[in-house]
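Quick mapping for you: the protein sequence lines, in order, are chains H, D and X. Using the numbering used here, you'd call the opening residue of the first sequence number -14 and step up by one each time. Using the numbering used here, you'd call the opening residue of the second sequence number 65 and step up by one each time. Using the numbering used here, you'd call the opening residue of the third sequence number -17 and step up by one each time. Ideal Cβ placement from N, Cα and C applies to all residues, glycine included. Working notes, structure below.
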Amino acid sequence: MTEILIPGDLIEDKELLKNNRFYISENNKHYCTLVSLYNNRLIPLEGYWYPNIDETVVGIIKEVRNNVFEVDLSHFLRAIIINDFRNKLHFNVGDVIEAKVKAIENKKTIILIYPRLLRDGMLIQTKPVKIPRIIGKNNTMINQISSFTKTSIIVGFNGLIYIKGANSSMAISTILRVEKEAHTKGLTENIKQILQKELELTEK
Amino acid sequence: MASSLNKPELLRQDGKRLDGRDFDELRPLKITANVIKNANGSAYTEWGNNKVLAAVYGPKEVVPKHLSDPSKAVIKCRYAMAPFSSLSDHGRSGPNRRATEISKVTREVFENVVLTKEFPDTAIEISIEILQSDGGTRAAGITTAAVALANAGIPMKDLVYAVSAGKIKDNIVLDLNMIEDNYSDADMPVAIAPRNNNILLLQMDGGLTKAQINSSLDKVINAGKIISKIQRQALLDVYKID
Amino acid sequence: MDVVNFVKTNYIKNLLDKSIRSDSRGLYDFRPINIQANIMENTEGSAQVDLGDTRILCGIKMQVEDTKEDTPDEGNLIVSAELLPLASSQFESGPPSADSIELARVVDRGIRAAQCIDLADLLIEEKKAWTIFIDLYVLNYSGNLFDASYIAAMSALMNTKVPKYEDGKAVMEQRVKKLKVDNIVTSTTFAKINNKIILDPDENEEYVMDARLTIATDKKNIRAIQKGLSGAFSSDEIKELVDRSFEKHDLLKDYINSNTK
């Protein structure tokens, strides 16, 4: 059964509370706090990104100091990369990078590691709650967009997506479409057909 | 609440209100969510002749910084009426004393339901613009802002609604329009968290007996079921694919 | 600086070097224009204009006021603009910003100079005249507020009905005749980015532009000009842009006329 829950709705199935950060409990009852899709799991349809360790992010260097790079993830939490003295990193303000979340300190600062410079290409912003759908089960969605449009795509869980390659505008419009239709069924197959059609049109 | 000598008759011969409504009947209410492209969340409401736009930005950096709270998000709220919103004269733009008070009590409503502790050191900004007014704009503003907050993905304990009750010739009526608001014997806007019927905003002026207060609250809670349903539908309609 | 804007800056500049815009429209194309007139029943006239993602609501109120000593035979026209905080995360609540005042004044100048409204027509009787309040409410900011405001103000004026005047006061419930509008003025706003000139900049293009030029014209005359920001235009560029502004006037006027009842 698929339905959409809104803030204040009772969550009856306790299984749904696993891996779900946003519910509240009162008198042993549990209530939804975000507009969420209920489909065996409870998936928020709106909301912000809450970093988990090892997640990939895409961001931009916004400040360079002696041993710290401040990274703008387009998010309300501060993010930093601590420079390693043995293997000194060189970034300039404005560089686009991908990195992984190493830790979250005091609910306020995200520590990033393994930064890698992303040259040229384009950056788009999507709603972070839609990122799991944009990636798809076992990367199916993003791999298919990438291979059809001959682009390399790096998806940041913070909602920023980096795209580089031949048909990036088609890749972008497809990703934005997935974002818009994220809650619908059979999306991977639908998107595949759309991509096939568009490719036929452009080849003609 | 003018006790003017030439007070207009607020009930018709058949006992109904001037616009043909029964005492408990709400004006037509329509809410659309996700209407402002730049905002994190938004909603537009037409409630009778009221037209209200609400938008939410944030969580974002607090400006000025010394207002930030390391334990939770601060909520900023702006309620303002457009200078062209009323049928009578052109109004002054910008918040006046009335608007400043309404902004404050509205902010306090949302401080109750928003999980502010999730976003320390940030600000959540709620803007409510009354584009057209016909009585009950603070209630319409709260009802709209609640939808905008949910649309923005701000976690909340509940989806708040608001409506006002009032008294016309010893009858408790709901959802007063401008003329009723101006000449009724009492006006009582109420905001409620429907899950446990917690009352989050309560203002009153005029004159009500204890029994009339009780009856007003019961009627508000009863009408709330209709308002909540329309709020829910607005949030669901965002995901309709055309 | 906002992170995403920073990246868009480079992207927009790189594309413009090849004379391409990020939404793939031509350098001198407007974004889609949509006008909804008469949507606010409490106003004497109203129009909501979408220019791409920029959305402006214009409300017109008319009010009876005493005539001023220095203009005893005329009414008055007052244009105000509000950059509402709900329209952009950059807009703050508070007293009018310099940007909102500039916007209102540029629109005011064009409408006044083009004599769209004959202020003498607003005189009702000795010492009593109408004041027309034109309020521009920016509901979503996505660049080029000038052109969208001109379209909104003109569309609202063209749909304005004058209230009944009786026993020394206005009867707002009864609007009895159409407001006489004698002329239509429209504007075109150009942005200069890395020596490329484009029409109708969106918010990202405005973010990177070096200079801005707004030219308001009617059919025959230029009625208002406002150059903005620190960059410069050559006199040849200005001459060319004046020509382009006249060319676009007919298009914009058709939009406004087709939304007049």
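Note to self: Under 9 Å, Cβ to Cβ, is there at least one residue of chain D near TYR189 (chain X)?
What the structure shows: no
Checklist line | Bridge-paired residues (DSSP) for ASP48 (chain X) | finding: Answer is X:LYS110.
Check: By Cβ distance below 7 Å, which residues in the same chain neighbour ASN152 (chain H) in space, the five residues on each side in sequence not counted?
Finding: Closer than 7 Å at the Cβ level, and outside the excluded window around ASN152 (chain H), lie THR134, LYS135, THR136.
Item checked: Range of the contiguous alpha helix (DSSP H) that encloses TYR225 (chain D) -> No alpha helix (DSSP H) holds TYR225 (chain D); the beta strand (DSSP E) holding it covers 225 to 232.
Checklist line | Minimum Cβ-Cβ distance from LEU30 (chain H) to chain D less than 9 Å | finding: yes
Notebook entry, point to check: Relative to chain X, which residues along the stretch 82 to 101 of chain D have a C-beta separation below 8 Å, given in chain order?
Noted result: Within the stretch 82 to 101 of chain D, the qualifying residues are ILE100, LYS101.
Notebook entry, point to check: If we cut at 9 Å on Cβ distances, does GLY105 (chain D) have a partner in chain H?
Noted result: Closer than 9 Å: yes.
Next item on the list: Using 10 angstroms around the beta-carbon of GLY271 (chain D), count the other beta-carbons present and answer buried if the total reaches 16, otherwise exposed.
Entry: exposed
Note to self: Could you check whether the Cβ of ALA209 (chain D) sits closer than 8 Å to any heavy atom belonging to the ligand ZN?
What the structure shows: In terms of ligand content, the structure shown is empty, and the ligand ZN therefore cannot be addressed.
Notebook entry, point to check: Is there at least one Cβ from chain X nearer than 9 Å to ASN241 (chain D)'s Cβ?
Noted result: no
Item checked: Where the stretch 208 to 227 of chain D meets chain H: residues whose CB sits under 7 Å from a CB there -> ALA214, ASN215, ALA216, GLY217, PRO219, MET220, LYS221, ASP222, LEU223
Check: Of all the CB atoms in chain X, is at least one closer than 9 Å to the CB of SER150 (chain D)?
Finding: yes
Margin query: Please confirm whether ASN(-4) (chain X) has its beta-carbon closer than 9 Å to some beta-carbon of chain D.
Written below: no
Notebook entry, point to check: Which residues does DSSP pair with SER279 (chain D) in a beta bridge?
Noted result: In DSSP, SER279 (chain D) forms no bridge with anything.
Check: Quick one: is GLN97 (chain X) buried, meaning 16 or more other Cβ sit within 10 Å of its Cβ, or exposed?
Finding: Classification of GLN97 (chain X): exposed, given that the 10 Å Cβ count is below 16.
Note to self: Going by C-alpha to C-alpha distance, which of D:GLY155, D:ASP185, D:ILE194 sits closest to SER167 (chain D)?
What the structure shows: D:ILE194
Checklist line | Identity of the residues DSSP links to GLN297 (chain D) by a beta bridge | finding: Paired residues: none, contrary to the question.
Notebook entry, point to check: How is the alpha helix (DSSP H) around ALA138 (chain X) delimited, first residue to last?
Noted result: 127 to 140
Note to self: Please list the terminal residues of the continuous alpha helix (DSSP H) segment that includes PHE174 (chain D).
What the structure shows: 161 to 177
Check: Hey, would you say LEU22 (chain H) sits closer than 9 Å to ILE46 (chain H), going by beta carbons?
Finding: Not in contact: LEU22 (chain H) and ILE46 (chain H) (Cβ atoms no closer than 9 Å).
Note to self: Judging by CA-CA distance, which residue of D:PRO72, D:VAL127, D:ASN278, D:TYR108 is the nearest neighbour of THR208 (chain D)?
What the structure shows: With distances taken between Cα atoms, THR208 (chain D) lies closest to D:TYR108.
Next item on the list: Enumerate, from N- to C-terminal direction, the unbroken alpha helix (DSSP H) stretches of 4 or more residues contained entirely within the stretch 161 to 234 of chain X.
Entry: 185 to 190
Checklist line | Supposed contact pair GLU83 (chain H) and THR111 (chain H) - C-beta distance, whole angstroms, cut 8 Å | finding: Contact doesn't hold; Cβ gap of about 15 Å is too wide.
Check: Going along chain D, which residues have a C-beta under 9 Å from GLY210 (chain X)?
Finding: Simply none; closest approach about 21 Å.
Notebook entry, point to check: Where does GLN178 (chain H) fall in DSSP's three states?
Noted result: helix
Notebook entry, point to check: At least one CB of chain D closer than 9 Å to the CB of ALA130 (chain X): is that the case?
Noted result: By this cut-off, ALA130 (chain X) is not an interface position.
Item checked: Short CB-CB distance (under 9 Å) between PRO36 (chain H) and chain D -> Taking a beta-carbon distance threshold of 9 Å, PRO36 (chain H) does not count as an interface residue toward chain D.
Checklist line | Coarse secondary structure for ASN262 (chain D), derived from DSSP in three states | finding: Correct three-state label for ASN262 (chain D): strand.
Check: ASN239 (chain X) CB to nearest chain D CB: under 9 Å?
Finding: no
Margin query: Is it the case that the stretch 165 to 183 of chain X contacts the stretch 224 to 240 of chain X, given that we only count it when at least three CB pairs across the two stretches are under 8 Å?
Written below: Contact between the stretch 224 to 240 of chain X and the stretch 165 to 183 of chain X is present, because at least three Cβ pairs lie under 8 Å.
Check: Is the number of C-beta pairs between the stretch 185 to 201 of chain D and the stretch 117 to 125 of chain D that are closer than 8 Å three or more?
Finding: yes
Check: Going by DSSP, which residues form a beta bridge with ILE192 (chain D)?
Finding: In DSSP, ILE192 (chain D) forms a bridge with D:ALA118, D:TYR143.
Margin query: Determine whether the beta carbon atoms of ASN113 (chain D) and GLU155 (chain X) lie at a separation below 9 Å.
Written below: No, Cβ-Cβ distance for ASN113 (chain D) and GLU155 (chain X) is not below 9 Å.
Margin query: With distance defined between alpha-carbon atoms, name the residue in X:LEU104, X:VAL120, X:ILE133 nearest to LYS235 (chain X).
Written below: Among X:LEU104, X:VAL120, X:ILE133, the Cα nearest to that of LYS235 (chain X) is on X:ILE133.
Note to self: For a contact defined as C-beta to C-beta under 8 Å, what are the partners of PHE115 (chain X) on chain D?
What the structure shows: PRO147, PHE148, HIS154
Next item on the list: Spell out whether any CB of chain D is found under 9 Å from the CB atom of MET140 (chain X).
Entry: Not an interface residue.
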